[in-house]
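Just below is one structure, and these are the notes that go with it.
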């Protein structure tokens, strides 16, 4: 599971406490909690619960959860309750320690499961340990492993470079942009009773000084169902960034790499292409292990989303949508990025006798000319702090990796990374050119719609398709 989603209540945890984004991990675990027994249903309700939209109500309910009096505890066996509560208490203490006038943690819409996982991570000192703890507490099947792609206590963020050269910073702004909701000015009471303005720079949150503003602001007010403005251009690539907006290249967790290395099949599942799948694929080590897997199956989404919809550059005021082949190309390109080494030494090639992609010269890659992070500070701040903030003004920063160019991507054997492609029999909004895909050596499989739906797969037919692929 990716750990780069900085939207919603996760943004508040990152702002105040720091650490990885655990919303996607928590969501997956709660879906896996069995519901046959009342006790397990109560645990699912607890960890799936979101606090109210109104701050005072949300804070009151959180206090009730911490002290064990909230109605959500009804149905949770007492020994489980007293095993879970200490982690809520630990998180509560951390929030109190970090609290500053005007910069308090905002409890509106906060996920109780996210707060538990963060408290457990802080207590254990390990994200993997916190995830395993929650899985064990909730009786998630031992046949299932929920693995964060990075086992870390730090925040990791992504940016998108569009084909027109624009950069979008932060996963939330890529997939579900929102009005940045943290107040820029609040007030505190002086001892004489008068109000004194408190600006966001009066106190430091968990973010490093001079972090990119898109990564250091609360973004709890957004809705995935809201009408969203399309991208100005198609996404060219996704990459990880440090707090200042500069490109970095983390390596996938050893547990994730071992899992991929030993897998009978890898499935690029339905979901957000550029913010759920690609952030996993581009990690160092992932594509290397992936090539050894026999079955690499991609399931096409039933509908386009914001990430795959953009303004047409040929027809004003009209939209363009990625087609199925472009979905696959995005995954292949991301895999090549994962495989690439330092520009001075190697890129990748298909010259291996085994068909495995191996190093080749840098010429097959686009050199990324600059990383624009100048907007992270105002002009006055840059002048006043030039002695230690000068790195934010650097231009033409040469990244350690380069982006594969289109000619090279076209020449690579795509079946190294995708062997089978599943799509709806009657695609809805996403064009599927079966002949072009099969010309790449990729096997196509069509699945009918679920009854009464134009964009959901019939689950029984989908299961049968997987069985046929696996032989």
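Residue numbers (the working numbering): 445 to 915. Cβ atoms here follow ideal geometry from the backbone N, Cα and C, with glycine treated the same way. Since the model is a prediction, treat every value here as computed from it, not as a measurement.
Alpha carbon of residue 722 to alpha carbon of residue 614, nearest angstrom: 14 angstroms
Go through its chain and collect everything with a Cβ distance to residue 830's Cβ below 7 angstroms, but skip five positions before and after it. Note on residue 830: pLDDT 33, under 50, position unreliable in the model; the coordinate value appears next. Cβ neighbours of residue 830 beyond the five flanking positions: none.
Determine whether the beta carbon atoms of residue 610 and residue 709 lie at a separation below 8 angstroms. no
Kindly indicate which residue of 726, 541, 500 and 496 has the alpha-carbon position closest to the one of residue 594. 726
Since I believe residue 780 is in contact with residue 679 (beta carbons under 8 angstroms), could you give me their beta-carbon distance rounded to a whole number of angstroms? Actually they are not in contact, since the Cβ atoms of residue 679 and residue 780 sit about 16 angstroms apart, beyond 8 angstroms.
Return the chain-ordered list of same chain residues with a C-beta closer than 7 angstroms to the C-beta of residue 700, the five sequence neighbours on each side being excluded. 591 and 593
Based on the DSSP secondary-structure assignment, which residues constitute the bridge partners of residue 890? 867
Going by DSSP, which residues form a beta bridge with residue 755? 763
Measure the CB-CB distance between residue 559 and residue 535 and report whether it falls below 8 angstroms. Yes, Cβ-Cβ distance for residue 559 and residue 535 is below 8 angstroms.
Just checking my contact of residue 886 with residue 863 at CB under 8 angstroms: how many whole Å lie between their CB atoms? Under the criterion of beta carbons closer than 8 angstroms, residue 886 and residue 863 qualify as touching, at roughly 6 angstroms.
What residue range is occupied by the uninterrupted beta strand (DSSP E) comprising residue 445? Segment: none, residue 445 is in no beta strand (DSSP E) and carries neither H nor E.
What do you reckon, are the CB atoms on residue 453 and residue 555 nearer than 8 angstroms? yes
Just verifying my parser: in three-state terms, what is the DSSP assignment at residue 678? coil
Assign residue 468 to one of two classes, buried (16 or more other C-beta atoms within 10 Å of its C-beta) or exposed (fewer than that). buried
Is residue 695 helix, strand or coil by DSSP? strand
Would a C-beta distance cut-off of 8 angstroms place residue 866 and residue 772 closer than the cut-off? no
Closer than 8 angstroms by C-beta to residue 514: which residues in its own chain qualify, once you throw out the five before and the five after it? Chain order, please. 505 and 508
Reference residue 603, options 751, 850 and 493, closest by Cα: In this structure, 751 is the residue among 751, 850 and 493 with its C-alpha nearest to the C-alpha of residue 603.
May I ask you to report which of helix, strand or coil DSSP gives residue 783? helix
Straight-line CA distance for residue 571 to residue 731? 23 angstroms
Which listed residue (539, 888, 912 and 856) has its alpha carbon closest to that of residue 879: 888
Quick one, which of 753, 733, 471 and 775 has its alpha-carbon nearest residue 620's? Of 753, 733, 471 and 775, the residue nearest in Cα terms is 753.
Identify, in the order they occur along the chain, each residue of the same chain with its Cβ nearer than 8 angstroms to the Cβ of residue 598, setting aside the five sequence neighbours on each side. Contacts found: 462, 463 and 464.
Residue 904 to residue 913 span [Cα, whole Å]: Using only the alpha carbons, I get a separation of about 15 angstroms.
Buried or exposed, going by whether 16 or more other CB atoms sit within 10 Å of the CB of residue 552? buried
Can you tell me the Cβ-Cβ gap for residue 473 and residue 487, rounded? I've got them flagged as a contact below 8 angstroms. Incorrect: roughly 10 angstroms between the Cβ atoms, too far for contact.
Alpha-carbon to alpha-carbon, residue 586 and residue 897: 33 angstroms
In this structure, what does DSSP give as the bridge partners for residue 739? 709
To the nearest angstrom, report how far apart residue 519 and residue 906 are at their CA atoms. 36 angstroms
Within 10 Å of its beta-carbon, does residue 582 have 16 or more other beta-carbons around it, so buried, or fewer, so exposed? buried
Quick check on residue 848: does DSSP put it in helix, strand or coil? strand
Nearest residue (CA-CA) to residue 943, options 756, 783, 501 and 713: Beyond the ends of the chain as shown, which are 445 and 915, falls residue 943; an answer cannot be given.
Taking DSSP as the reference, what is the three-state secondary structure of residue 901? Looking at residue 901 - three-state DSSP - the assignment turns out to be strand.
Is it buried or exposed, residue 814, if we count other Cβ atoms within 10 angstroms and call 16 or more buried? With a pLDDT of only 29 at residue 814, under 50, the local geometry of the prediction cannot be trusted, and the value read off the model is given with reservation. Flag for residue 814 reads exposed.
Can you have a look at residue 569 and say buried or exposed, based on whether 16 or more other CB atoms are within 10 angstroms of its CB? exposed
Starting from residue 604, trace the alpha helix (DSSP H) both ways and give me its first and last residue. No alpha helix (DSSP H) contains residue 604, which is instead part of the beta strand (DSSP E) from 601-606.
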